[in-house]
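One structure is given here, and the rest of the page talks about it.
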Amino acid sequence: MVKQTLTTESRLVQLGVGRDERTGAISVPIHPSATFRHPGVGESTGYDYTRSGNPTRDILEAGLAELEGGSRGLAFSSGMAALTTLFLHFAKGDHLIVSEDLYGGTYRVLEQVFADFGLSASYVDSRDLEQVAAAIRPATRAMLIETPGNPLLGIADLRGLAALCRQHELLLVVDNTFLTPVLQRPLELGADIVVHSATKYLAGHNDLCAGALIAKDPALGERLYFLQNSTGAILSPQDCWLLIRSLKTLNLRLERQCASAQTVAEWLQQHPKVTAVYYPGLPTHPGHVLQRSQADGFGGMLSFRVTDQATAHRLLKRLQLISFAESLGGVESLMTLPAEQTHGDIPEPERLRLGICAALLRLSVGIETVEDIISDLAQALGD
Ligand SMILES: *Cc1c(COP(=O)(O)O)cnc(C)c1O
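For the sequence shown, the positions run 4 to 386 when our numbering is used.
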């Protein structure tokens, strides 16, 4: 019998199915055991202690690796735990190049934690390959890129950055939280490591905090596993199970979220109180063509600017269906004010230079009916 090759979508649904050979369970068993009995001295079932390896986590980690096209996946207790473990790969004196349009927490851990350990970072406009190349120093070891950027959804050229990294022997790390492997597979475009805040689209229900690292090269995967086991920020077996369950509907959720985000972006564009809309699916977005060439969709995140701060505040207060809350990627629509929430730790002059002003709003489009999302925006923006 020829083994059928499945699409990413089908593999997501089948994650863990029948992996418990004894029972044939469709839903993966949760193994909360902290430790495992050894058959004899020098013998092991393959499991010794849960920080080092757990059967439920194994299925999730193997699934993540397969979806991103990597050799190894690792599951962490949050996106920041995954990023922290990644940064521990570097040593005192090392330098990183990081996209400036990025998650505020990544900036905070680099500037307020890792800077004290001698790891430095330069923040660049990762859409501009010349600017990125100019930031490379002898001590540079890696690039950490978010594309689309956060919160302005700028698109970086992943193939171009991968070529630059190869030329200078740098690791290319891509935070793929906004698109997930369903829409964008950075390892296939030349990246070495993918990072996820699995709290967002992968988990998708605003009910779980989790993170992931996926490495392309087995030796690099082994090194990251060593760091995961040594420092211990693992995802619990219960949460691994919940994340496996969530992944099964990732494709369906994203399909709806992408379609609705496109409709909402087009609607916002014609609203008199909206002065700018940032969504890569709009043909007027400067990264639109590039995004089409490196991803299979535009995602469910968009940002927009209203006339002034008072209008932004009034809108947030009036929202009924959409929740004014941090985070993104869940089935429930959420709106944030990046200047005060997600990007509050970036110093104000820097924030304003990046365009993160007090009248900028970010919307994570959920799976509610798009007409209901638009009605809520219409009434909240009304006079
Ligand atoms: C939320 C987020 C993180 C941090 O992940 P947590 O799960 O909140 O720790 C990192 N990167 C991006 C792009 C994010 O949106």
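Note that beta-carbon positions come from the ideal geometry of N, C-alpha and C, so glycine has one too.
- [ ] Report whether the distance from the Cβ of M83 to the nearest heavy atom of ligand 1 is below 7 Å.
- [x] Shortest gap from the CB of M83 to any heavy atom of ligand 1: under 7 Å.
Open item on the list: Residues in the same chain with beta-carbon distance under 8 Å from L113, minus the five sequence neighbours each way, listed in chain order, please.
Closed with: These residues qualify, in order along the chain: F90, L99, V101, L122, A124.
Open item on the list: Taking only three categories from DSSP, how would you classify T180?
Closed with: DSSP places T180 in coil when its eight states are reduced to three.
Task: Of the residues Q273, D242, L285, the one placed nearest A262, counting alpha carbons only - done: The alpha carbon of A262 has as its nearest neighbour, out of Q273, D242, L285, the alpha carbon of L285.
Open item on the list: Can you tell me whether G43 is helix, strand or coil according to DSSP?
Closed with: In this structure, G43 counts as coil in the three-state DSSP scheme.
- [ ] Would you decide whether M4 is buried or exposed? Buried here means 16 or more other CB atoms lie within 10 Å of its CB.
- [x] Under this definition M4 is an exposed residue.
Open item on the list: Along the chain, where does the alpha helix (DSSP H) containing F229 start, and where does it finish?
Closed with: For F229, the uninterrupted alpha helix (DSSP H) segment begins and ends at 221–234.
Open item on the list: Looking at the secondary structure, which residues open and close the alpha helix (DSSP H) in which F90 lies?
Closed with: Here the alpha helix (DSSP H) through F90 covers 82–90.
Open item on the list: Tell me which residue opens and which closes the beta strand (DSSP E) that A78 is part of.
Closed with: In the DSSP annotation of this structure, the continuous segment of the beta strand (DSSP E) that includes A78 starts and ends at 75–79.
Task: Sequence-distant residues of its chain with Cβ nearer than 6 Å to I325 (five each side left out) - done: Same-chain partners within the cutoff: S336, M338, D379.
- [ ] Report all residues from its chain with a CB closer than 6 Å to the CB of A383; omit the five preceding and five following residues, and keep chain order.
- [x] The residues are L318, R321, L322.
Task: 8 Å contact criterion, which R60 and I237 should meet: CB distance rounded - done: So it is a contact: roughly 7 Å between Cβ atoms.
Open item on the list: Assuming the contact rule is C-beta atoms closer than 8 Å, G214 and A85 should be a hit. Round their C-beta distance to whole Å, please.
Closed with: Rounded, the Cβ-Cβ distance is 3 Å, consistent with contact.
- [ ] Note the first and the last residue of the continuous beta strand (DSSP E) segment covering G214.
- [x] Start and end: 214–218.
Open item on the list: At a cut-off of 7 Å, would you count T180 as near ligand 1, judging by its Cβ distance to the nearest heavy atom?
Closed with: Yes.
Open item on the list: I'd like the ranges of any beta strand (DSSP E) spanning at least 3 consecutive residues and lying wholly in the segment 233–298.
Closed with: 277–281, all fully within the segment 233–298.
Task: Spatial distance of F209 from P141 (CA atoms) - done: Position check: residue 209 holds Asn in this sequence, whereas Phe was assumed. Their Cα atoms are separated by approximately 42 Å.
Task: Limits of the alpha helix (DSSP H) - the one that V5 falls within - done: Element bounds for V5: n/a, residue is neither H nor E.
Open item on the list: With a threshold of 7 Å on Cβ separation, who are the neighbours of G108 within its own chain once the five nearest residues in sequence on each side are excluded?
Closed with: Answer for G108: M83, listed in chain order.
- [ ] Using the DSSP secondary-structure output, state which residues sit across from T143 in a beta bridge.
- [x] Looking at the DSSP output, T143 bridges to H98.
Task: Stretch-stretch touch, CB-based, cutoff 8 Å, three pairs: the segment 69–84 with the segment 272–290 - done: Segments in contact, no.
TODO: Give a yes or no on whether the C-beta atoms belonging to G302 and L182 are separated by under 8 Å.
DONE: For G302 and L182, yes; Cβs fall inside 8 Å.
Open item on the list: Our contact map puts F307 next to V277 with C-beta atoms below 8 Å; I'd like the distance itself, whole angstroms only.
Closed with: Contact between F307 and V277 holds: their C-beta atoms lie close to 5 Å from each other, under 8 Å.
Open item on the list: Could you tell me the alpha carbon to alpha carbon distance between Y106 and E46, rounded to whole angstroms?
Closed with: Note on geometry: alpha-carbon atoms of Y106 and E46 lie some 45 Å from one another.
Open item on the list: Could you check whether Q297 and R130 sit closer than 8 Å to each other, using their CB atoms as the reference points?
Closed with: Not a contact, by the Cβ cut-off of 8 Å.
Task: Beta bridge counterpart(s) of R308 as assigned by DSSP - done: Answer by DSSP bridge pairing, in chain order: A279, L363.
TODO: Taking only heavy atoms of ligand 3 into account, decide whether any of them is closer than 7 Å to the Cβ of Y281.
DONE: What this structure holds is ligand 1, not ligand 3.
Open item on the list: Does the distance between the C-beta of K95 and the nearest non-hydrogen atom of ligand 1 fall short of 7 Å?
Closed with: Distances taken from the Cβ of K95 to the heavy atoms of ligand 1 include none shorter than 7 Å.
Task: Host alpha helix (DSSP H) of A136 (start-end) - done: From DSSP, the alpha helix (DSSP H) with A136 extends over 132–137.
TODO: Determine the DSSP secondary structure at V112, reduced to helix, strand or coil.
DONE: It is helical.
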